[in-house]
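To start, the structure itself, in structure tokens.
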Amino acid sequence: MNFLNQLIGNFLLLTEDQALKRSLETFRIDEIVWDLVPKFSRSFAVPLKVDIEVDEPQYFNFRGNKMLVSLSISNLIENALKYANGQEVLIRMTSAAGRLSLQIIDHGIGIPKAELESVKQTFYRGSNVGQVKGSGIGLSFAQIVFKDQGVDFDIRSNHLGTTVSLLFPKF
1 MNFLNQLIGN
11 FLLLTEDQAL
21 KRSLETFRID
31 EIVWDLVPKF
41 SRSFAVPLKV
51 DIEVDEPQYF
61 NFRGNKMLVS
71 LSISNLIENA
81 LKYANGQEVL
91 IRMTSAAGRL
101 SLQIIDHGIG
111 IPKAELESVK
121 QTFYRGSNVG
131 QVKGSGIGLS
141 FAQIVFKDQG
151 VDFDIRSNHL
161 GTTVSLLFPK
171 F
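Everything in the sequence shown is counted per this note's numbering, starting at 1 for the first residue and increasing by one.
Here is the structure:
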């Protein structure tokens, strides 16, 4: 039932688009990550590591919808942990040309090359997910949110392991 509630909640958030665009605030991306790490460390028996190499603290600042950005980052971390096959998941934050780069890297089952674009479509699930539960909404939701917030979103996979990259605009 909790899964269904989360699913319905995600759709409701997307339908409230105009109200959400008005609820912009300035917040720090690293604080969202640090808030999520303990939650996932308790829920998954997969090592979760955070690596930060950022030159200036202001690169963590972002102006957007904190609730949607947090939910989207949460979806991406949860996906990495679910499909990691027990391997460590790395959250890496670096600065590049005055912008914050956030990568979520797993060494799990990966995404077949032919499906890299398809997995971003709502309700699409990879052909290799097996018995791992999911709805096919998380990546689609995250992509919509990040595009709306002006964040570059990219997924790469070498058939084993997946890297989701976010490049936030200059603050």
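Beta carbons are placed, not taken as given, at the ideal position from N, Cα and C, and that holds for glycine. None of these values were measured; they are calculated from a predicted model.
Fill in: Completely contained beta strand (DSSP E) runs for the stretch 40 to 75, where each covers 3 or more residues
48 to 53 and 61 to 64, all fully within the stretch 40 to 75.
Worksheet entry | Three-state class that DSSP yields for residue 165 in the structure shown | As a working mapping, residue 165 is identified with position 165 in the sequence shown. Note: residue 165 maps to strand in three-state DSSP.
Worksheet item: Starting from residue 140 and walking both ways along the alpha helix (DSSP H), at which residues does that stretch end?
Response: Indexing the sequence shown from 1 puts residue 140 at position 140. Where residue 140 is concerned, the enclosing alpha helix (DSSP H) stretches over 138 to 148.
Item to complete: Assuming residue 71 contacts residue 104 (C-beta within less than 8 angstroms), just tell me the rounded distance between them.
Response: Sequence index remark: in the sequence shown, residue 71 carries index 71 (1-based). Sequence index remark: in the sequence shown, residue 104 carries index 104 (1-based). Residue 71 to residue 104, Cβ: 14 angstroms. No contact.
Worksheet item: What did DSSP end up calling residue 1 once you bin it into helix, strand or coil?
Response: Numbered from 1 along the sequence shown, position 1 holds the residue referred to as residue 1. With a pLDDT of only 45 at residue 1, under 50, the local geometry of the prediction cannot be trusted, and the value read off the model is given with reservation. When DSSP states are grouped into helix, strand and coil, residue 1 belongs to the coil group.
Worksheet entry | Segment contact flag, the stretch 89 to 106 with the stretch 162 to 169, C-beta cutoff 8 angstroms, min 3 pairs | Judged by Cβ distances under 8 angstroms, the stretch 89 to 106 makes contact with the stretch 162 to 169, as three or more pairs qualify.
Worksheet item: How about residue 50 and residue 94: are their beta carbons less than 8 angstroms apart?
Response: By one-based count along the sequence shown, residue 50 stands at place 50. By one-based count along the sequence shown, residue 94 stands at place 94. Taking 8 angstroms as the cut-off, the Cβ atoms of residue 50 and residue 94 do not count as close.
Item to complete: Tell me whether the beta-carbon of residue 168 lies closer than 8 angstroms to the beta-carbon of residue 29.
Response: Along the sequence shown, one-based indexing puts residue 168 at 168. Along the sequence shown, one-based indexing puts residue 29 at 29. In this structure, residue 168 places its C-beta atom within 8 angstroms of the C-beta atom of residue 29.
Discussion item. Pop quiz: residue 63 and residue 171 are said to be a contact at Cβ under 8 angstroms. What is the actual Cβ separation, rounded to whole angstroms?
Written reply: Here the question's residue 63 lines up with position 63 in the sequence shown. Here the question's residue 171 lines up with position 171 in the sequence shown. Separation of the CB atoms of residue 63 and residue 171 is rounded to 7 angstroms, and the pair is thereby assigned contact status at 8 angstroms.
Practice prompt. Look at the Cβ atom of residue 47, then the Cβ atom of residue 78, and state whether they are nearer than 8 angstroms.
Written response: Mapped onto the sequence shown, residue 47 falls at position 47. Mapped onto the sequence shown, residue 78 falls at position 78. At a Cβ-Cβ threshold of 8 angstroms, residue 47 and residue 78 do not count as neighbours.
Worksheet item: If residue 27 and residue 66 are in contact, beta carbons under 8 angstroms, what's the gap, nearest whole angstrom?
Response: Counting from 1 along the sequence shown, the entry for residue 27 is found at position 27. Counting from 1 along the sequence shown, the entry for residue 66 is found at position 66. Indeed they touch by this definition, with Cβ atoms about 5 angstroms apart.
Item to complete: Could you tell me which of 74, 68 and 56 sits nearest to residue 43, measuring between CA atoms?
Response: For the purposes of this step, residue 43 is taken as residue 43 along the sequence shown, with counting starting at 1. The candidate whose alpha carbon is nearest that of residue 43 is 74.
Worksheet entry | Cα-Cα separation, residue 25 to residue 60 | By 1-based counting over the sequence shown, the position of residue 25 is 25. By 1-based counting over the sequence shown, the position of residue 60 is 60. Those two C-alpha atoms are separated by around 13 angstroms.
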